[in-house]
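One structure below.
Next up, the structure:
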């Protein structure tokens, strides 16, 4: 059942999944999507669970992130697949191109689907093609492009790249093109110097859609106060994820999520912080069976050079006590217990992302 917009707050997941992890991959998705992609089965349960959670819109990952497939061609294939998925489920899903589309999804009880990349390598390596490629992606409805994944690429360094370079000259050109075409510049996986350079270079506010706070848990995927403060000071957005990196032990809890939100609000201000869970709303049913497969998954990511510090086979890549259809309601209750007002909570749950989207996606 779709949420009632008159009683449900607007909730935007700045990076998440629309997927039923308990079901086999759909034939269409399996034929076109990278096997490393999480979004393989958009079925009745995945959609029903998203509605039941109260979710209004979610930034899903599509396009090339890693692997051996040709980045540009694979990315265009994934866009086409997702267009067909959204069209097939048009009564429940709405492709988001503008901030008003998020408002429309909330009003109509549909789920807004925001197209986003977690690696910008599909832009290619030819400086003369940057603007054309970015224009193509923007025209196809891509609203968010992350500059790097965990490793280095020709734009800059990811959070696990040891050199910690800044933004390259090519990366500067990509940021300029993203600004020109009003696509969000996402710095979630970027290394510290690439993040700082991009935030300073960008003419428009940038985002860190899914991260934690390094001052709370000192791991590379979390952002320093300097990064958080700079992004916020320029009108940007920071989303806190529901990931094991929120605790240095690798066993993060709902309380850790709240601790990171509180710290981010203290550093950035209450108008610049939201959520980007990096997960879905359909919970894994058999955690024991999933744990048995986890070692292979972690080993494969490490072998590919894309694993992050804190990824281990003995911990889940999500917060066990903040998952499934109740995760957002549970988070709201926890924030209320911390003394947050309803106005501040509504900002964190979705209004801040919506305001940021207005600043980026609305033509001047």
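Residue numbers (my numbering): 443 to 806. Ideal Cβ placement from N, Cα and C applies to all residues, glycine included. Remember, predicted model here, so these are calculated numbers, not experimental data.
The bridge partners DSSP lists for residue 501 are 556. Taking the C-beta atoms as reference points, residue 584 is found nearer than 9 Å to residue 505. Rounded to whole angstroms, the gap between the alpha carbons of residue 613 and residue 779 is 43 Å. Residue environment: residue 632 is assigned as buried (16 or more neighbouring CB atoms within 10 Å of its CB, all protein chains considered).
Taken atom to atom, the span from the alpha-carbon of residue 509 to that of residue 530 is near 28 Å. Short of 6 Å from the beta carbon of residue 539, and not among the five residues preceding or following it, lie these beta carbons of its own chain, in chain order: 583. The beta carbons of residue 763 and residue 695 sit closer together than 9 Å. Taking C-beta separations shorter than 7 Å and ignoring five residues to either side along the sequence, the partners of residue 577 in its chain run 623, following chain order. Straight-line measurement puts the Cα of residue 722 at about 4 Å from the Cα of residue 459. Inter-residue distance for residue 636 and residue 501 is about 22 Å (C-alpha atoms, whole angstroms). The C-alpha of residue 684 lies about 6 Å from the C-alpha of residue 760. According to DSSP, residue pairing for residue 460 in a beta bridge does not occur. Between residue 484 and residue 519, the gap from beta carbon to beta carbon reaches 9 Å or more. A distance below 6 Å between beta-carbons, with the five flanking residues on each side excluded, links residue 521 to the following residues of its chain, in chain order: 582.
Annotation: residue 601 is outside any alpha helix (DSSP H) and is labelled neither H nor E by DSSP. Of 602, 565, 604, the smallest CA-CA separation from residue 615 is found for 565. In the DSSP assignment, the residues bridged to residue 681 are 716.
Counted as a single uninterrupted DSSP element, the beta strand (DSSP E) harbouring residue 537 occupies residues 535-537.
Taking a 10 Å sphere around the C-beta of residue 588, we find 16 or more other C-beta atoms and assign the residue as buried. 9 Å or more divides the Cβ of residue 554 from the Cβ of residue 571. Taking 9 Å as the cut-off, the beta carbon of residue 787 is found no closer than this to the beta carbon of residue 802. The alpha helix (DSSP H) runs of length 4 or more contained entirely in the segment 719-791 are, from start to end of the chain, 729-745, 769-779, 784-788. DSSP places residue 649 inside the beta strand (DSSP E), whose first and last residues are 649-653.
Per DSSP, residue 585 is not a residue of any alpha helix (DSSP H); the beta strand (DSSP E) it occupies stretches across 584-588. The C-alpha of residue 574 is placed about 37 Å away from the C-alpha of residue 687. In this structure, the alpha-carbon of residue 549 lies about 13 Å from that of residue 493. With respect to the 9 Å criterion, residue 799 and residue 541 are classified as neighbours on the basis of their beta carbons. The C-beta distance from residue 495 to residue 767 rounds to 5 Å, short enough to fall under 8 Å. Across the structure, residue 641 and residue 655 are spaced so that their CA atoms are roughly 17 Å apart. Between residue 713 and the set 691, 528, 673, 660, the nearest pair of CA atoms involves 673. DSSP places residue 664 outside both helix and strand once states are collapsed to three, so it counts as coil. Taken atom to atom, the span from the alpha-carbon of residue 629 to that of residue 742 is near 24 Å. Assigned with DSSP and collapsed to three states, residue 518 falls in helix. Relative to residue 704, the option among 675, 670, 720, 625 whose CA is nearest is 670.
Here DSSP, grouped into helix, strand and coil, assigns residue 628 to strand.
If the five residues before and after residue 606 are omitted, its C-beta is found closer than 7 Å to the C-beta atoms of 599, 633, 634, 635, all from its own chain and listed in chain order.
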